[in-house]
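The structure appears below as structure tokens.
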Amino acid sequence: MYNHVGNLVWQAELDIYGKIRTLERGSPQDCPFRYQGQYEDVETGLYYNRFRYYSPESGAYISQDPIGLAGNNPNIYAYTHDNNVWIDPWGLSGKIGNPLPGGEKIFRIGSSVDLKPAEAALKPAGISVIRASSAEEAGQIMKKAFPKATNLHKVIDSGDIMEATVDNIRKVGYDVVENPTNKFGDAHARLIHPEGADTFDRDTGKLKKAFKCS
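With the working numbering applied, the sequence shown covers 109 to 322.
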């Protein structure tokens, strides 16, 4: 968080449940906002989420979803299906991260666009891509996130980085949505297929054509 003159006054990293894991600048109360739509109540340690309170200790709400099963989640105390990519700004029903602007560039390290088993199990299924202005910047972001991954560094140094615009990805039936992570922050996004993992794998030939080698 920055003040009115542009100085950094608060910086923190949240864990998967939205609790402050490391506080790098300021105090927890300097910025009471946590997950989108949440405001920390200092007295209780709970996060006010408009329609109900959320516990960062358990990663769940302390009361049932006021709209019940209409929230599309069988666990009526749960935050979302998948905290890595879904948000719940109103405390009512989860939603996926916002789609990226059509003209934005994304990058994929290496030449594979196949889903790994863990990626296929995500909701929605999808692969990681990097938001950057150039292949060089994308490579530096990856190296910083994985400083000891020597094989990954070799791939980056060889120039094996694919580039595409979000518009080109959408032309072949896929999409790219916001997916911030602890390692990458906002530089990380997820490339998905609206119809799920099976269709994602079936159309990867089209997807590869939407990318170009940097």
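Glycine residues also receive a C-beta, built at the ideal position from the N, C-alpha and C atoms.
Bear in mind that the values here come from a model prediction, so they are computed numbers and not experimental data.
Where the alpha helix (DSSP H) through residue i begins and ends
i: Phe308; result: 305-310
i: His261; result: 258-265
i: Gly134; result: Unbroken run through Gly134: none, as it is neither H nor E.
i: Ile249; result: 243-253
Residue i (DSSP reduced to helix, strand or coil)
i: Pro209; result: coil
i: Asp283; result: strand
i: Leu299; result: strand
i: Ala168; result: strand
i: Glu151; result: coil
i: His112; result: coil
i: Gly145; result: coil
i: Ile277; result: helix
i: Leu315; result: helix
i: Ala120; result: strand
Element boundaries [beta strand (DSSP E), containing residue i]
i: Met355; result: One cannot answer for residue 355 here, as it falls past the ends of the chain, which runs 109 to 322.
i: Val237; result: 234-239
i: Tyr162; result: 161-163
Proximity of residue i and residue j at Cβ, strictly below 7 Å
i: Ala233; j: Ala305; result: yes
i: Phe56; j: Glu271; result: Here the chain covers residues 109 to 322 and nothing more, so residue 56 does not appear.
i: Arg160; j: Tyr169; result: yes
i: Glu244; j: Ile235; result: no
i: Ala229; j: Val280; result: no
Check: residue i C-beta below 6 Å from any heavy atom of the ligand NAP
i: Arg239; result: The ligand NAP is not among the ligands present in this structure, which contains no ligands whatsoever.
Cutoff 7 Å: residue i Cβ touching any chain C Cβ
i: Tyr156; result: Any reference to chain C falls outside this structure, which holds one protein chain only.
Decide if the stretch 255-267 is in contact with the stretch 284-296; the criterion is three or more beta carbon pairs, one per stretch, under 8 Å apart.
no
Any chance the stretch 141-154 sits against the stretch 119-130, with 3 or more Cβ pairs inside 8 Å?
yes
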